[in-house]
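These notes are about the structure you will find just below.
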Amino acid sequence: MSTETLVGFEEAMEKYDPVLGFEVHVELNTKTKMFSSAPNVFGDEPNTNVNEVCLGLPGVLPVVNRKAVESSILIGLALNCKIAEHCTFARKQYFYPDTPKNFQTSQYEDPICYDGWLDIELEDGTVFRVEIERAHMEEDAGKLTHMGGATGRIQGADYSLVDYNRSGVPLVEIVTKPIEGAGSRAPELAKAYVAAVREIVKNLGVSDARMERGNVRCDANVSLRPHGAEKFGTRTETKNVNSLRAVENAVKFEIQRHAAVLDSGVEITQETRHWHEDTKSTTSGRPKSDADDYRYFPEPDLVPIVTTAEWVEELRSRLPEPPAERRKRLQADWGYTDLEFRDVVNAGLMDEIEETVTAGATAAAARKWWMGEIARRAKLADVDPAALGVSPAVVVEIEKLIASGAINDKLARKVLDGVLEGEGTPAEVVAKRGLAVVSDDGALQKAIDEALAAQPDVAEKIRGGKVQAVGAIVGGVMKVTRGQADAARVRELILATLGVEG
Amino acid sequence: MTVHELIRSSAADMAAKLAAGDITSVELVQAHLDRIAAVDGGERGVNAFLHVNAEEALAVAADVDARRAAGEELHELAGVPIAVKDLIVTKGQPTTAGSKILEGWMSPYDATVVKKLRAARMPILGKTNLDEFAMGSSTEHSAYGPTRNPWDLDRIPGGSGGGSAAAVAAFEAPLALGTDTGGSIRQPGAVTGTVGVKPTYGAVSRYGAIAMASSLDQIGPVSRTVLDSALLQEVIGGHDPQDSTSLTDPSTGLADAARLGNVAGMKIGIIKELHGEGYQAGVENRFNESLELLRGAGAEIVEVSCPNFGYALGAYYLIMPSEASSNLAKFDGVRFGMRALPAEGPLTIERVMAATRAAGFGDEVKRRIILGTYALSAGYYDAYYGSAQKVRTLIQRDFAAAFEQVDVLISPTAPTTAFKLGEKLNDPLAMYLNDVATIPANMAGVPGLTLPGGLADEDGLPVGIQLLAPAREDARLYRVGAVLESLLEAQWGGPILDRAPSLAETPAVEPVETQGTAATAAAKEAN
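Here the protein sequences come in this chain order: Y and V. When we follow numbering that gives the first Met the number 0, the leftmost residue of the first sequence carries the number 0, and every step to the right adds one. When we follow numbering that gives the first Met the number 0, the leftmost residue of the second sequence carries the number 0, and every step to the right adds one.
In C-alpha cells, the structure reads:
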C-alpha cells in the first residue's frame, strides 16, 4: 500500500494546472541489434542472442544498423518531424551492470528526428496537439533480475542475474515538448498519447509494439503549478509505466500526490518515481537533477549518419496510411456509429476487429464478439482485451461454426472458454467437449417422443391447435439434450410428429 | 645457412627462401622459438614476449610446408612468423593488454588483423609486451615487468610497443604488429633501431585492438626493413565492415613503392617545430645526415612551419585520456577478466567494481582515467575536450598547408635515444615528451614511418628518422623510406642491427632437437 497522502483529483484540479512530458522508448523489430549482428529476438534463453559486440568485450567496435536508421526516420516522418541531414552518436556514461560497456551509445546534441507534432483525439472527439521535441536512436540495456529480495528490487536482493539478450536492441526515444493546457484531461491525454505512438509504430511495422513485452515503454513527467502561473513546477519522472491504463493511472496518481505535497507547503523533490501496478501507486526512485553528469562526448567509433533527400523521400513514400485517416476509413467501411467506433478504439480493439473482418467475419459479428464476450472476460481478468489470448482467427472460426449450425450462441461461449483454457482451436474444443448441436433427427425424435409421452395433456392441446404450447415440449427436449439441440429444428419435428401445421 | 644467419634476414628474404624450398617454415619458426627461449627469459632477458604460442605456430608452419609441397599457391608471406602486440585479441592465446585486470582472459574472437594473418598463413609466435593498455613510452608500465632494449639491457625499448620492437630488434621475430595512438609503434622503432609504421587512420581495421583512444589508435607493422613493413601493411590493410572508421579506399601499391628506388624531384619538408631545441645533439646530427643523403639522391629539401604543433602534446593529453576513460569503463569485473572483492564491508556492485578497478589497473592507467573523466565533466568539457578538438583541427590545417608545399615531411622520430629503465618513471611529463614528434600524425590521421638513422655519437644508441605523408598516401613513406634506408645501409656497410651487441644466449636444452626446444619455449610460456 502506498503511504503517500493524496488529494482528490477534482480538488487538485481546482488549485493546480498540470504540465506533462513524455519519453516513450520504442524497441525496433529489426532482425539484428543496433550496433551488432546478434539477433534481436524476444523471449529466448538468457544470454543466447549475444556476440562480442553487445557483450562489450575488449576490442569490439560498433556498426550502425541501417535498417534501424530507416525505421527511426519512418517514425520521425510519421510524427511530422524534421529529419536531420547529418547526425552523430554520443556516449552516455554511467556504471551499471546491465550496460556492458558502462556507457550507452545514444544520440545527444543532434537527434535524427526533431520538431514534430502529433494530433491526439480524446474520447469525446476533442483533438489535442502534442509537440514532439525529438526522436533519437539509442541502444537498449540488458535485463537485470534481482534475486532473493522480497520486492524484486535491487534493495534487499541477495544477487542479481543479467540477461544481455536485450543489450543493444535498437531503441527510438520519442521526447515531447512540455504539454500545457491539458487540465483535468491530463490523465486521459497521457493514455491517448501513448496509445497513438504505439499505434503509429505498429502501423509502420517498425516495432512489435507490445507494451507487456516492453516494446513500448513510457516515462511520464508530471509537474503542477498554480493556475495562472507561467513557471513550471518541479517535475517527477515516473518510470516503468508499461500499459495504457498504467499511464493514465500513474499521471493521475502523481497529480494527486503532487497536490498533497504542495498543499502541505513542501517542495516537490525532483526525482524518478517507480510505478507499481499492484498498488496503483508510485514510490520514490533515485533523485534526479538536471545536473546529472553523464559525461557525454561524441562516439569516436562511429562516423556521422548522412541522410540524403532522396533517401528520406523514398522512406516517406513507404509511409502507410496515417492512423487518424485509417480510423475514418474503417468506421465508414464497418458502418459503426460514432459511439460504437469510439468504444472500439478506446478498448484498443481496432486492429483485432479489422483482422477479424478481413478474415471473413461481418463487421457486426466482429464487434459483437470483441466488444461483448471478449471484452467482458478481459475486464474480469483485468487485462486489455487484445491481450486476453483470443485471436481474430478464433472469432472467425466460431462465427463459421455458428453459421453452419454446428453450434449455437450459447455453445459458442463454451467454445470460447475452451479456447482460453488452451484446449485448442474452436473446432477442437467442440470435438473434445462434445459441444456440437444435436442434429441427428433420430436422436431428437427419441427425445421428442419421450417428452410428448411425459406431457400427454400438452400434446393434446397442440393437436387441438394451440401451437404456442409447443414451447413446453421444446423446453423439455432442450433439457434432455443439455441445450445442444437446434431449437428451431426441434419445434419443426414436434409439429411434424403431431401432424400439425407450424 | 645457419639458424643464426636465418633469423637475421629480412622477412622478404625469408619468404623468398621458403618459396625456393631452401628452408621450411617449421625450421624458420623453430629457429625463432629457439631464439626466444635463448634471449627472452630470465632476469636479464629481453622480456619481449608475454606469451609464446609455440604449438600453434609450429602447426601452422607444418601446414604451410605441406601445402607448399603439394604445389598450392600461397601468400607471399605464408610461413613467415610474426609476433602480435598483446593489445590485439587472439583466439587460443591469452590477451592481457599488459594489465592485471585481464590476466588469464581468453578472447572468444580474433581481431580482424589476426584473421588476415591467419588467412595469409603466417605463424603467430606469441604476444608481445606493452605498457598497460598501451599507456606509456617505455614498456615499464606493463603489469608483467618491463621489456629491455636489446641495444642495452638497462635501457627502455620505448613504448607502448616495446615488446614488438624489441622482439624484432633481438631477432626473436622478423615481423610484429604494433598499435600507435601517439607514437607507440614509431618511438619504440626509433630507440631499438627498427622500422615501424603508423598507417593512415582507417587504413587498417581496429576491430579487435583493445581501444585506448578510438580516434587516434591505429594498428601497424613493425619490422627490420622498410619493404617488410610495406609487405605486412598490405596483409593487414583494407576495408573492414566491422570497423565503421575504416577507409573504403585504402592505400595500395606499398611494396611496389618500397621497391621503386628513387626520390629524384620529390619535395621533402623539414618541420621547423620538430627539431632543434629539446632534441639530443646526436639525434640532430643523424637527422641532418639523412637530409644530406636525400638531397644527394635528388630530393629537394625545404623547411616548412607547422605553428600549431606546439599545442599538439597538450591537446593530445586531453583527447586521449578522455576517450580512454570511456573505453576502459568496461573493465569492471562483471563479465570478464579479474574480479576483486572489497576487503571489508558489503558486496554491492559498485564496491566490487571499484575494488576490481583499484586492484586491476596500474597507476598510469588510473592517472589517465582520472584526467579523462575530469576533462569530460559537465562544466569543463568545453574548456578541455572542446578546446583540444579545436587544436586538433588547427594541426590538421598545418599538415594540409605543409603538404601543399611538399610531398613528405621529415623529422627525428623521438627527441632522445633510449633512456635508462626507471629514469623517467616518476616524471609523467618527461615521459610524455618522448612522443612530441609522433603525436601530430595521430591528431591529424596522417601516416608516419620511422626507420633507423644511425647511432647517436654521444651514446652509440639508435636514432629514428620519421617520415610523414598526407592521409591515404602511405606509399610515399615507403618510397622515400626505402631509398633513405638503402643510402644509410650503404654508408654503414649493412643493417644497423649488425652493430647491436649480441645478446648472451641462455644455454638452451639441446637446441637441435625439435621437441626439446619446443619444451623450452613452453617453459617460457609457463613463466
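Idealized CB from N, CA, C, for every residue including glycine.
Any idea if residue i is buried or exposed, counting beta-carbon neighbours within 10 angstroms, 16 or more meaning buried?
i, result
"V/TYR278", "buried"
"V/LYS423", "buried"
"Y/VAL126", "exposed"
"Y/VAL408", "The sequence shown places Asp at residue 408 of chain Y, not Val. Exposed, because fewer than 16 other Cβ atoms sit within 10 Å of the Cβ of Y/ASP408."
"V/ARG120", "buried"
"V/ARG43", "exposed"
"Y/ILE461", "buried"
Alpha carbon to alpha carbon, what distance is there between residue j and residue i?
i, j, result
"Y/SER105", "V/SER228", "39 Å"
"V/MET211", "V/SER501", "35 Å"
"Y/ALA484", "Y/LEU443", "8 Å"
"V/GLY275", "V/ALA499", "27 Å"
"Y/VAL129", "Y/LYS251", "18 Å"
"Y/LYS413", "Y/ALA363", "21 Å"
"V/GLY480", "V/GLN490", "15 Å"
"Y/MET12", "V/ALA353", "48 Å"
"V/LYS16", "V/ALA263", "32 Å"
"V/SER376", "V/TYR431", "23 Å"
"Y/VAL200", "Y/ALA77", "9 Å"
"Y/ASN79", "V/MET105", "49 Å"
"Y/VAL499", "Y/VAL436", "25 Å"
"V/GLY361", "Y/ASN50", "29 Å"
"V/ASP33", "V/GLU171", "8 Å"
"Y/MET370", "Y/THR355", "13 Å"
"V/GLY161", "Y/CYS112", "48 Å"
"Y/GLY347", "Y/ALA195", "10 Å"
What are the start and end residues of the alpha helix (DSSP H) that includes residue i?
i, result
"V/VAL83", "First-last for V/VAL83: 81-84, but that is the beta strand (DSSP E), not the alpha helix (DSSP H)."
"V/PHE48", "Segment 48-51 is the beta strand (DSSP E) holding V/PHE48; no alpha helix (DSSP H) there."
"V/TYR477", "473-491"
"Y/ASN248", "243-262"
"V/LYS115", "111-118"
"V/THR392", "386-404"
"Y/ALA195", "185-203"
"V/ASN326", "311-326"
"Y/LEU348", "Unbroken run through Y/LEU348: none, as it is neither H nor E."
"V/TYR373", "362-374"
Can you pull the chain V neighbours of residue i, defined as C-beta to C-beta under 8 Å?
i, result
"Y/ASN79", "Here the premise fails: no neighbours, minimum Cβ distance about 30 Å."
"Y/GLY55", "LYS329 and ARG334"
"Y/ASN101", "ALA328, LYS329 and ASP331"
"Y/PHE94", "ALA328, ASP331, GLU349 and MET352"
"Y/ARG90", "SER325"
For residue i, which residues in chain Y fall below 7 Å Cβ to Cβ?
i, result
"V/LEU375", "ARG294 and PHE296"
"V/PRO198", "Those within 7 Å of V/PRO198 in chain Y number zero; the least Cβ separation is about 17 Å."
"V/GLU322", "PRO299"
"V/ARG205", "LEU60"
"V/LEU317", "What V/LEU317 touches in chain Y: nothing, since even the nearest Cβ is about 11 Å away."
"V/SER214", "PRO299"
"V/VAL88", "PRO57 and GLY58"
Using a Cβ cut-off of 8 Å, pull out every chain Y residue sitting near residue i, in sequence order please.
i, result
"V/SER243", "LEU60, PRO61, VAL62, VAL63, ASP300, LEU301 and VAL302"
Which residue comes first and which comes last in the beta strand (DSSP E) that contains residue i?
i, result
"V/PRO156", "Neither: V/PRO156 is in no beta strand (DSSP E) and is coded neither H nor E."
"Y/ASP114", "112-120"
"Y/GLU137", "126-138"
"Y/ALA219", "215-225"
"V/TYR431", "It is not in any beta strand (DSSP E) - V/TYR431 instead sits in the alpha helix (DSSP H) that spans 427-431."
Could you please give me the residues that DSSP links to residue i through a beta bridge?
i, result
"V/SER410", "V/GLN465"
"V/PRO220", "V/LEU176"
"Y/GLU26", "Y/LEU170"
"Y/GLU270", "Y/THR235 and Y/PRO286"
"Y/GLN92", "Y/PHE102"
Run through chain V and tell me which residues come within less than 7 Å of residue i, C-beta to C-beta.
i, result
"Y/GLU51", "PRO107 and TYR108"
For residue i, go through chain Y and note every residue whose CB falls closer than 9 Å to its CB, in chain order.
i, result
"V/LEU101", "PRO57"
"V/ILE209", "PRO57 and GLY58"
"V/THR178", "Ordered by position in chain Y, no residue passes the 9 Å Cβ test against V/THR178, which lies about 11 Å from the chain."
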